[in-house]
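Trainee: Have a look at this one.
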Amino acid sequence: MTVELLWWDGCPSHPETLADLERVLREEGISAEVSRVEIASDEQARREHFPGSPTIRVDGEDIFPPGEGEPYSLTCRVYHLRDGRVSPTPDPEDLREALRSRAA
Amino acid sequence: MIAIGDRAPDFSLPDSGGADVSLEMPAVVVFTCNHCPYALAWHDRLAAAARDYADVHFYAINPNDAQRYPRDSLDAMRERVEREGGWPMPYLRDESQEVARAYGAKTTPDVFVFDAQGVLRYRGAPDPDHRDPSLNASWLREALDSVLAGEEVARPETDPVGCSVKWR
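Heads up: the protein sequence lines correspond to chains A and B, in order.
Numbered by the numbering used here, the letters in the first sequence go through residues 78 to 181 in order.
Numbered by the numbering used here, the letters in the second sequence go through residues 934 to 1101 in order.
Here it is in structure tokens:
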């Protein structure tokens, strides 16, 4: 299983996301290295189908697929926590569920 | 760019309804926007502070490049304010980005507190954690309480946290 964290420097959320990702992988006993991929230009964002920072991919697929028509650009991604609040990072339990289902 | 103890750069900017709004003191100036999750996460806490400190003039300013970030256009700002039933502070458009440059705004949000004489007394984040609504913009409120009581602000600077301002 390949796990990638795509991030952009204009958004400070990636260290927290990386920590959440590594913790959940460890807790779930999933053996996978997290590759960090920096996105640095709009052209690269389009080429990589990057809807914003942070984006997590497992085996090349975004584990939180963006909405239809979401542009690919250098921006901070908006996630929602399970209680409905807006967040710059995914809810850790959503992350756990997504990783668990892909590891099964 | 301004530092603690400096005077507020003056401005007159259009609000989301198109009316020009000028700076009055004492004031809280918040650089913010529509598309940033940090700005969105802190918005309700800042709006609550604006309601609670009715004697302080609050201004929300969106300086982002709307060509690259259409969700920060004046139309999108107007739609958001209407959708949310109105805001307790004007939502201003800094199209030229001159105001954001004069203040040295770094992120959305980035909070500046000025006393009745227009002197900068606090600059930084609303509170220590965007994830915890119970913090209720505590750093901003501490600064306002001190300013309104004529006292020194115990914590005049914190690091602003959020999305970088989207310069042209």
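Ideal placement from N, C-alpha and C gives every residue a C-beta, glycine not left out.
1. Which residue marks the beginning of the beta strand (DSSP E) containing H990/B, and which one marks its end?
2. Have a look at the DSSP bridge pairing and note the partners of S945/B.
3. I'd like the list of long-range same chain contacts for D119/A, defined as Cβ closer than 7 Å, with 5 residues on each side in sequence excluded.
4. Please confirm whether C966/B has its beta-carbon closer than 8 Å to some beta-carbon of chain A.
5. So R179/A contacts chain B; which residues on that side make the cut at Cβ distance below 7 Å?
6. Excluding sequence positions up to five away, which residues of its chain have a Cβ less than 8 Å from the Cβ of L158/A?
7. Quick check on the burial criterion: 16 or more other C-beta atoms within 10 angstroms. Buried or exposed for G137/A?
8. Cα separation between P1023/B and Y992/B?
9. If you measure between the beta carbons of T94/A and P128/A, is that distance less than 8 Å?
10. In chain order, what residues of the same chain lie with their CB nearer than 7 Å to the CB of Y1002/B, ignoring the 5 residues before and after it?
11. Interface residues of chain B around G87/A at Cβ under 7 Å?
12. Is the CB-CB distance between P1021/B and R1074/B below 8 Å?
13. Look at E81/A and S112/A and say whether their C-beta atoms are less than 8 Å apart.
Mentor: Judging by the given coordinates:
1. 990-995
2. S955/B
3. S150, L151
4. no
5. Correct list: empty, because the minimum Cβ distance to chain B is about 24 Å.
6. S164, D168
7. exposed
8. 6 Å
9. no
10. H968, K1099
11. C1096, S1097
12. no
13. yes
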